[in-house]
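Everything on this sheet refers to the single structure shown next.
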Amino acid sequence: MDEKDIKWRNGLPNYDIVNKTFQKERTKKHSEGSLESIVENLVKTWEMESTHKERLQDWKSVTQDFAFQVNGGPKFNAKDNVDRGNYNMLLEGSPLYDVCKESNASSHEMFKKAFPEGFAWELLEVFSGPPRVSFTWRHWAKWSRDFNGVKATGETLELFGSCVVEVDSDLKIKFIHVFYDPSIMMATLTGFGCKHLGKDQSPEKETKSVKVSPVVMN
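First residue of the sequence shown: 1, per this note's numbering; consecutive thereafter.
Written out as structure tokens, the structure is:
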């Protein structure tokens with residue numbers, strides 16, 4: 001991250017806090033140099049670049065024709081990724097999140113404030129190797145601060161999903177297709193509860209961990 005002339009959105013990023021969470025709470029420890037480790041680091045590099053590098057010319061993890069898709073929905077290109085941001089692409093179509101009201105910057109700030117200890121991500125299991133890598137993943141965070149006026153519960157929120165990543169011969173990412181269901185996590189964050197609503201339609205707040213099963217790929 002010390003490359004010269006890179007234009008950072010908000011200065012050089014610091015991953016110390018989320019890396020500490022990752023090391024402490026991850027469920028898998030992949031061997032260095034393994035396919036699992038290589039793919040995990042590649043996806044994390046894309047996440048870092050797409051979040052923090054303002055100019056596409058500074059990205060090293062993707063090809064020029066890079067594309068991103070969620071659950072078979074609309075395909076986004078690299079410029080969309082720069083302009084819209086990861087959260088707005090990942091939550092496209094969610095009834096509990098209005099992508100039209102959030103920019104790249106505001107969406108990241110919203111989740112960063114709610115999850116001050118970071119939103120850690122780990123690769124769980126790889127099912128096929130390059131050039132079309134398929135795998136499952138886990139994404140988790142402690143909800144420590146309020147989210148858009150909804151009081152934080154202190155619980156750990158977890159997302160589980162699957163993904164297909166196509167790479168070229170240089171292991172640059174050509175295409176990312178994510179399969180997951182964000183509805184339970186977003187229902188919790190927005191105050192709609194995550195299990196059942198009582199007769200008074202008040203949100204249930206008792207659960208301490210929110211889990212979403214992976215979407216099965218064909």
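Glycine included, each C-beta is placed from N, C-alpha and C at the ideal position.
Would you say the segment 94–112 touches the segment 124–133, given that touching needs at least three Cβ pairs under 8 Å? Segments in contact, no.
Short Cβ contact (7 Å threshold) for Glu166 with Lys172: Note that the C-beta distance between Glu166 and Lys172 is not below 7 Å.
Going by DSSP, what residues sit across from Leu123 in a beta bridge? When beta bridges are read from the DSSP output, Leu123 appears opposite Trp137.
How close, in whole Å, do the beta carbons of His52 and Trp121 come, if the pair is a contact with beta carbons under 8 Å? 15 Å between Cβ atoms; not a contact.
Given Gln69 as reference, the closest of Phe179, Gly85, Leu12 once Cα atoms are compared: Closest option to Gln69, Cα to Cα, is Phe179.
Let's see if you can read the secondary structure: which residues bound the alpha helix (DSSP H) around Val39? Element bounds for Val39: 35–52.
Quick check on the burial criterion: 16 or more other C-beta atoms within 10 angstroms. Buried or exposed for Asn81? Per the 10 Å Cβ criterion, buried.
Can you list, in chain order, the residues of its chain whose CB lies under 8 Å from that of Val39, leaving out five sequence neighbours each side? The answer, listed in chain order, is Leu123, Val126, Val133, Phe135, Val165.
Under a three-way DSSP split, which group does Glu102 fall into? Three-state DSSP puts Glu102 in coil, outside helix and strand.
Where Thr188 and Ser31 are concerned, what is the direct C-alpha to C-alpha distance, given to the nearest angstrom? Between Thr188 and Ser31, the C-alpha separation is close to 35 Å.
Hey, how far is the Cα of Ser162 from the Cα of Met48? Counting only the Cα atoms, Met48 lies some 20 Å from Ser162.
Give the C-beta separation of Leu91 and Thr190 to the nearest angstrom, bearing in mind that I take them to be a contact with Cβ-Cβ under 8 Å. Wrong, their Cβ atoms sit about 11 Å apart, outside the cutoff.
Can you confirm whether the segment 152–162 touches the segment 135–144 when touching is taken to mean that 3 or more C-beta pairs between the two stretches lie within less than 8 Å? A contact exists between the segment 135–144 and the segment 152–162.
For the alpha helix (DSSP H) containing Ile176, name the first residue and the last one. No alpha helix (DSSP H) holds Ile176; the beta strand (DSSP E) holding it covers 173–179.
Applying the criterion that 16 or more other CB atoms from any shown protein chain within 10 Å of the CB defines a buried residue, is Arg55 buried or exposed? Exposed is the label assigned to Arg55, since fewer than 16 other Cβ atoms lie within 10 Å of its Cβ.
Could you have a look at Glu166 and say whether DSSP puts it in helix, strand or coil? Strand, per DSSP.
Once the 5 residues before and after Ser94 are set aside, which same chain residues still bring their CB inside 8 Å of it? Only residues of its own chain outside the window of five on either side were considered, and among them Pro182, Ser183, Met186 have a CB closer than 8 Å to the CB of Ser94, listed in chain order.
Can you look up Phe115 in the DSSP assignment and give me helix, strand or coil? Reduced to three states, the DSSP call for Phe115 is coil.
For Gly149 and Lys113, the rounded distance between their alpha carbons: Rounded to the nearest whole angstrom, the CA to CA distance from Lys113 to Gly149 is 12 Å.
Identify the residues that DSSP records as bridge partners of Gly161: which are they? Under DSSP, Gly161 takes part in a beta bridge, and its partners are Trp137.
Excluding the 5 residues flanking Asp146 on each side, which residues of the same chain have their C-beta closer than 6 Å to its C-beta? Cβ within range, chain order: Ala152.
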